[in-house]
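See structure below.
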Amino acid sequence: MTDNAPENAQSYRKRILEKIKPFFSGNSLLDAGCGDGEDAALMAPFFKKTEAVDLEESANWKKFENTGIIFKTGNCEKLNYPVGSFDTVVEKDMLHHASDPVSAVKEMCRVSAKTVIILEANRYNPIFYLHLTLMGGHQHFSQKRFKEIIAASGTPYEIKKFSARVSPINSPFMIKLVNNTSDLLEKIPFYGPVIEYNMAVLTKK
0 MTDNAPENAQ SYRKRILEKI KPFFSGNSLL DAGCGDGEDA ALMAPFFKKT
50 EAVDLEESAN WKKFENTGII FKTGNCEKLN YPVGSFDTVV EKDMLHHASD
100 PVSAVKEMCR VSAKTVIILE ANRYNPIFYL HLTLMGGHQH FSQKRFKEII
150 AASGTPYEIK KFSARVSPIN SPFMIKLVNN TSDLLEKIPF YGPVIEYNMA
200 VLTKK
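Reading the sequence shown from the start, the letters are residues 0 to 204 in numbering that gives the first Met the number 0.
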């Protein structure tokens, strides 16, 4: 994460990092579907080697040219890496863009030696559905569909859920309020079906 990013965006990304960090394995990371590279930069300190790939190059990658992160263009449904190239592979909000999401998950599992972490926004979260699905045209997965895609990979997995969102107002008070609200929502059972994020942790045998 770069220092010039808005604090509310930094807080959101850091919250997600705290959710996935316990599942990091080994010394090497691939960020599959890395977008602007900000998440890769945030995760990189936890690994000795970090690479990041996306279908299209982002101008933002230039900001990280002195960090040691290797950025490449490539299709996550056909990754140009040998089997077991990375200890950990992470994907966030790319999978619903894939033409064949099952193939993409299988590819991530193929190039992982230990762990694959997949994060996707929940289609039926009320705010996400209005903002991202109806207005933004993102075809996020329902929890049922998400689990079907993960299971089809044939790799042992666990499904987890958590709450995270960007504070609509960039102020310390609102950021803290949004994070505290997310903490509370995670403890309410009936919120589970519409919680913001679905996460799969796939473990290679």
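Cβ atoms here follow ideal geometry from the backbone N, Cα and C, with glycine treated the same way.
Taking all protein chains shown into account, decide if Asn-7 is buried (16 or more other Cβ within 10 angstroms of its Cβ) or exposed. With 16 or more Cβ atoms within 10 Å of its Cβ, Asn-7 is classed as buried.
Give a yes or no on whether the C-beta atoms belonging to Arg-14 and Glu-37 are separated by under 8 Å. Result no, Cβ atoms of Arg-14 and Glu-37 do not sit closer than 8 Å.
Drop a sphere of 10 angstroms on the beta-carbon of Leu-78, count the other beta-carbons inside from all chains shown, and report buried for 16 or more, exposed for fewer. Buried, because 16 or more other Cβ atoms sit within 10 Å of the Cβ of Leu-78.
Would the beta-carbon of Ser-84 fall within 8 Å of that of Val-110? For the pair Ser-84 and Val-110, the CB atoms are nearer than the 8 Å cut-off.
Cβ neighbours of Pro-192 in the same chain (closer than 6 Å, five flanking residues each side left out): Result list for Pro-192: empty, nothing under 6 Å.
Could you have a look at Asn-79 and say whether DSSP puts it in helix, strand or coil? Coil, per DSSP.
Based on Cα-Cα distance, which residue from Phe-45, Ala-39, Asp-35, Cys-33 lies nearest to Phe-22? It is Phe-45 whose Cα lies nearest to the Cα of Phe-22.
Please state the DSSP three-state secondary structure of Thr-114. It is a strand residue.
Coil, strand or helix - Lys-105 by DSSP: The answer is helix: DSSP assigns Lys-105 an H, G or I state.
How far does the beta strand (DSSP E) with Asp-86 in it extend, from its first residue to its last? Counting along the chain, Asp-86 sits inside the beta strand (DSSP E) bounded by residues 85-91.
Classify Ile-158 as helix, strand or coil using the three-state DSSP reduction. In the structure shown, Ile-158 sits in a strand (DSSP, three-state: E or B).
Can you tell which of Gly-67, Leu-54, Lys-20 has its C-alpha closest to the C-alpha of Ala-40? Closest by alpha carbon: Gly-67.
Complete alpha helix (DSSP H) runs within the stretch 10-48 (minimum length 4 residues, chain order): Counting whole runs of 4 or more residues, the stretch 10-48 contains the alpha helix (DSSP H) stretches 37-42.
So is Gln-9 buried or exposed if we call it buried at 16+ other beta carbons inside 10 Å? Around the CB of Gln-9, 16 or more other CB atoms lie within 10 Å, so the residue is classed as buried.
CB-CB under 6 Å to Thr-72, same chain, minus the five flanking residues each way: which ones, in chain order? The residues are Glu-56.
Considering Val-200, what are the terminal residues of the alpha helix (DSSP H) in which it resides? Not the alpha helix (DSSP H): Val-200 falls in the beta strand (DSSP E), residues 196-202.
Three-state secondary structure (DSSP) of Val-193: Three-state result, Val-193: helix.
Give the DSSP-derived three-state secondary structure of Glu-185 in the structure shown. In the three-state reduction of the DSSP assignment, Glu-185 falls in the coil class, being assigned neither a helical nor a strand state.
Taking 8 Å as the threshold (C-beta atoms), are Tyr-123 and Lys-160 in contact? No, the Cβ-Cβ distance between Lys-160 and Tyr-123 is not below 8 Å.
Give every residue of the same chain whose Cβ lies closer than 8 Å to the Cβ of Ile-194, excluding the five residues on either side of it in the sequence, and list them in chain order. Around Ile-194: Asn-121, Asn-124, Lys-160, Phe-161, Ser-162, Leu-184, Glu-185.
Quick test of your reading: Glu-119 and Glu-76, contact by CB under 8 Å. State the CB separation rounded to the nearest angstrom. Their Cβ separation, rounded to whole angstroms, is 16 Å, which puts Glu-119 and Glu-76 out of contact at 8 Å.
Would you tell me roughly how many angstroms separate the C-alpha atoms of Met-198 and Asn-65, rounded to the nearest one? Near 31 Å, if we compare the C-alpha coordinates of Asn-65 and Met-198.
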